[in-house]
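Chains as they are written, first to last, in full-length UniProt numbering: chain A, 1 to 400; chain B, 1 to 400. All residues carry an ideal CB built from backbone N, CA and C; glycine is no exception.
Shown next as structure tokens:
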């Protein structure tokens with residue numbers, strides 16, 4: 001079967017998280033993604049990891065997670081020969097993605113205006129931290145910093161906690177998704193009209209747009225969110241919406257009709273709270289009352305009772321339990337690929353199905369410059385010239 | 001200027017959050033989105049809100065946030081005449097989006113196989129909670145429930161907190177973004193080949209894929225994340241990565257070279273911790289040591305000192321302060337639109353720029369069935385027939 005982006009070439013200057021996530025999504029649907037890395041050391045993210053631990057000696061799980069379905073060319077893009085190669089690749093590319101600080105690509109001779117001259121139909125996406133201009137132009141833009149400035153860090157947990165970081169790289173990943181959204185719309189438009197264009201995304205705007213519902217509320221309802229002191233699951237929501245301790249774990253109850261929940265809990269005196277305003281105003285107290293009941297049975301017992309009443313409930317899984325969840329197994333969420341150095345690694349599958357053009361994982365994350373010879377041969381460089389470039393430290397090729 | 005999706009027609013059966021967010025993104029880039037609502041009461045989300053408070057009497061900020069750039073047709077889709085209208089709209093549509101529980105659309109006669117007969121090139125996206133099949137098929141799928149089952153709820157805050165809900169509708173919104181990613185790739189493919197297709201997305205798979213980096217680590221490094229007990233900002237990261245109290249608020253410090261940070265803090269004895277393993281193992285203790293220093297100055301004072309050393313720092317904004325942040329003002333993040341009932345409302349702008357086909361906000365969220373007459377006239381129905389349909393309760397039209 002075909003893939004939706006088969007035949008599309010992506011020239012990827014991005015590193016760390018947001019850009020690589022975006023280009024990986026293009027690769028997942030069949031695009032040929034050429035990852036440009038620093039010769040020798042590669043993407044900065046290769047040098048960062050969790051727990052100060054590494055896979056197969058020196059491979060980073062952070063890097064490996066966001067760089068499947070790509071080929072790597074490790075090259076000194078400031079050298080004359082490097083520039084010649086980049087221009088040749090740009091001439092054949094459909095999409096360019098970069099996430100340097102604003103202005104860097106232009107200084108290197110690879111800005112939109114430069115590459116448009118070589119390839120007028122190019123779609124060029126620059127993904128920055130704060131925007132391509134403005135007061136924070138020169139400041140470092142990074143996920144946790146953007147969580148902080150965008151208010152996202154003040155939306156989880158309890159008010160008395162102060163800021164609570166969201167455990168995923170929320171802003172990076174949402175901007176990766178927004179970059180793909182804009183790039184694919186531009187690609188469709190180019191297919192119809194022949195016109196390329198420049199796209200500029202940034203972490204800050206994406207982080208705020210992701211909180212669109214909260215901001216709409218704060219700005220138009222004139223009431224500010226105050227996080228609850230209990231495990232109510234959203235600062236704007238009434239009881240019972242939240243997480244409840246059971247005798248062996250946690251049960252989550254989402255919006256559910258109060259009388260039905262009272263029936264499930266088996267204490268009809270709780271009907272005194274059957275009023276939307278009371279359920280909001282006294283949510284912390286009501287949470288405590290419910291939890292005093294939920295701790296008396298196991299999560300599975302409550303699920304059986306409550307699902308039978310079509311209450312909106314689910315159990316809480318720790319990340320380490322998720323791969324054994326029956327629906328996760330059914331959905332084929334985790335698959336294995338063979339990595340040249342690390343052997344079999346488990347990766348997260350493409351999270352949706354397309355009947356005609358399925359996503360596929362055809363490559364693990366590359367070694368640094370692993371595909372240098374292959375990519376340069378495709379451009380017509382001879383084996384000898386390639387050897388010379390390795391000797392002159394213009395490119396580097398790592399093999400397992 | 002053009003818009004990228006100008007001329008594309010979306011027939012939108014979705015309600016609540018994930019589906020409407022997806023179709024709003026298509027509308028933001030120029031698609032003509034026809035929102036199909038229940039005649040009379042409309043989208044279920046119109047009846048849900050925060051704080052039990054409403055805008056202009058009975059408008060929900062939750063609904064309003066996700067339904068700009070759409071026209072509404074409120075119609076009984078089970079009636080014979082309703083079905084005739086839906087089939088006519090489906091014949092002209094490019095994209096169908098729905099997020100009923102799996103099987104509902106087929107039972108109504110609007111499944112992919114039904115509409116494909118009418119319109120072979122249709123792109124049909126079904127967005128479910130858990131997947132289109134499997135053990136949780138009949139269970140309610142909702143954002144907080146999916147946060148719980150996917151492990152996302154165990155990644156923020158402190159370990160001793162137990163589950164901590166992420167303050168935005170993370171799973172709904174990420175699946176909205178993934179649906180748009182798949183739909184636009186399918187649209188590009190159709191433009192090249194003429195072939196439509198069926199897309200199936202679900203909240204659970206999107207929630208897990210969004211934690212791709214964490215899962216890659218847990219499954220391949222063989223070490224499980226344990227959340228810190230201090231305000232270290234990620235369970236896998238060492239000090240100083242986290243949030244620190246200052247004399248007037250909070251300062252966030254992301255990955256920064258330890259010697260430079262020690263210089264900024266002005267206590268060279270801290271160089272004893274200049275070791276990646278120590279910075280991870282003793283992160284909670286080190287967080288406390290740093291915070292004892294940061295509380296002695298204001299956030300702005302620390303920003304001045306630390307940004308001069310190119311340390312990765314930012315201040316923490318509460319959501320209510322964000323609209324006054326100078327970069328947010330510069331980015332034109334919030335704009336006003338005129339709503340027929342609520343008057344001027346502030347909305348979050350499209351979070352990126354496209355040089356040739358900019359996103360635009362041309363309509364506020366619609367009233368229930370507001371565009372019924374206009375849409376039915378376009379299909380060729382006479383004013384008299386439309387009046388009859390209103391009288392027979394097949395459609396309803398709300399005006400301000």
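8 Å Cβ cutoff met for residue i and residue j
i, j, result
"residue 129 of chain A", "residue 141 of chain A", "yes"
"residue 183 of chain B", "residue 118 of chain B", "no"
"residue 343 of chain B", "residue 74 of chain B", "no"
"residue 200 of chain B", "residue 148 of chain A", "no"
"residue 115 of chain A", "residue 78 of chain A", "no"
"residue 187 of chain A", "residue 188 of chain B", "yes"
"residue 60 of chain B", "residue 98 of chain B", "no"
"residue 172 of chain B", "residue 143 of chain B", "yes"
"residue 341 of chain A", "residue 287 of chain A", "no"
"residue 262 of chain B", "residue 207 of chain B", "no"
"residue 371 of chain B", "residue 72 of chain B", "yes"
"residue 131 of chain A", "residue 53 of chain B", "no"
"residue 110 of chain A", "residue 86 of chain A", "yes"
"residue 367 of chain A", "residue 81 of chain A", "no"
"residue 249 of chain A", "residue 156 of chain B", "no"
"residue 15 of chain B", "residue 168 of chain A", "no"
C-alpha distance - residue i paired with residue j, whole-angstrom precision
i, j, result
"residue 309 of chain B", "residue 268 of chain B", "16 Å"
"residue 242 of chain A", "residue 4 of chain A", "40 Å"
"residue 374 of chain B", "residue 345 of chain B", "24 Å"
"residue 69 of chain B", "residue 305 of chain A", "42 Å"
"residue 279 of chain B", "residue 27 of chain A", "36 Å"
"residue 293 of chain B", "residue 264 of chain B", "10 Å"
"residue 226 of chain A", "residue 159 of chain A", "7 Å"
"residue 271 of chain B", "residue 239 of chain B", "13 Å"
"residue 329 of chain B", "residue 307 of chain A", "47 Å"
"residue 312 of chain B", "residue 154 of chain B", "26 Å"
"residue 400 of chain A", "residue 378 of chain A", "22 Å"
"residue 134 of chain B", "residue 103 of chain B", "13 Å"
"residue 350 of chain B", "residue 246 of chain A", "42 Å"
"residue 91 of chain B", "residue 364 of chain B", "27 Å"
"residue 30 of chain B", "residue 7 of chain B", "8 Å"
"residue 277 of chain B", "residue 49 of chain A", "12 Å"
Proximity test, Cβ basis, 8 Å: residue i and chain C
i, result
"residue 20 of chain B", "Chain labels in this structure do not include chain C; the protein chains are A and B."
The alpha helix (DSSP H) enclosing residue i, as first and last residue numbers
i, result
"residue 178 of chain B", "170-193"
"residue 251 of chain A", "Note, residue 251 of chain A: premise wrong, no alpha helix (DSSP H); beta strand (DSSP E) at 250-253."
"residue 327 of chain A", "326-330"
"residue 483 of chain A", "Because chain A in this structure spans residues 1 to 400, residue 483 of chain A falls outside the shown range and cannot be described."
"residue 92 of chain A", "80-92"
"residue 26 of chain A", "18-28"
"residue 372 of chain A", "372-378"
"residue 164 of chain A", "Looking at the DSSP string, residue 164 of chain A is not in any alpha helix (DSSP H), and its letter there is neither H nor E."
Span of the beta strand (DSSP E) around residue i
i, result
"residue 127 of chain B", "123-128"
"residue 12 of chain B", "9-12"
"residue 334 of chain B", "334-339"
"residue 244 of chain B", "242-245"
"residue 71 of chain B", "70-75"
"residue 467 of chain A", "Here chain A covers residues 1 to 400 and nothing more, so residue 467 of chain A does not appear."
"residue 100 of chain B", "It is not in any beta strand (DSSP E) - residue 100 of chain B carries neither H nor E in the DSSP assignment."
"residue 34 of chain B", "32-37"
"residue 197 of chain A", "197-202"
"residue 345 of chain B", "343-348"
"residue 353 of chain B", "352-354"
- Message: To be precise: take each residue of the stretch 357-389 of chain B, compare its Cβ to all Cβ atoms of chain A, and keep it if any distance is under 9 Å. Which residues remain?
- Response: 357, 359
- Message: Using a Cβ-Cβ cutoff of 8 Å, what residues of the stretch 229-256 of chain A are near chain B? List them in chain order.
- Response: 231, 233, 234, 235, 236, 237, 238, 241, 242, 243, 245, 250, 252, 254, 255
- Query: If contact means a Cβ-Cβ distance below 7 Å, which residues of the stretch 2-14 of chain B contact chain A?
  - Reply: 4, 5
- Task: Pick out the complete alpha helix (DSSP H) segments inside the stretch 216-303 of chain B, 4 residues or longer, and give them in chain order.
- Result: 258-265, 276-281, 283-294
- Where the stretch 60-90 of chain B meets chain A: residues whose CB sits under 8 Å from a CB there: 61, 62, 64, 65, 66
- Task: Name, going along the chain, the residues of the stretch 88-107 of chain B whose beta-carbon falls closer than 8 Å to a beta-carbon of chain A.
- Result: none
- Message: Beta carbons nearer than 8 Å to chain A: which residues of the stretch 123-144 of chain B have them?
- Response: 130, 131, 133, 134, 135, 136, 139, 140, 142, 143, 144
- Message: By the 7 Å beta-carbon criterion, what residues does the stretch 178-202 of chain A contribute toward chain B?
- Response: 178, 180, 181, 182, 184, 185, 186, 187, 188, 189, 191, 192, 195, 197, 198, 199, 200, 201
- Query: Closer than 8 Å, Cβ to any Cβ of chain A: which residues of the stretch 328-345 of chain B, in chain order?
  - Reply: 328, 330, 331, 333, 334, 342, 345
- Along the stretch 206-218 of chain B, what residues have a CB closer than 8 Å to any CB found in chain A? 206, 208, 209, 210, 211, 212, 213, 214, 215, 216, 217, 218
- Message: Please identify, using Cβ separations under 9 Å, the residues of the stretch 306-326 of chain A that lie next to chain B, in order along the chain.
- Response: 307, 310, 311, 312, 313, 314, 315, 316, 317, 318, 319, 320, 321, 322, 323, 325, 326
- Message: Tell me which residues of the stretch 257-289 of chain B have at least one Cβ-Cβ distance to chain A shorter than 7 Å, keeping chain order.
- Response: 276, 277, 280
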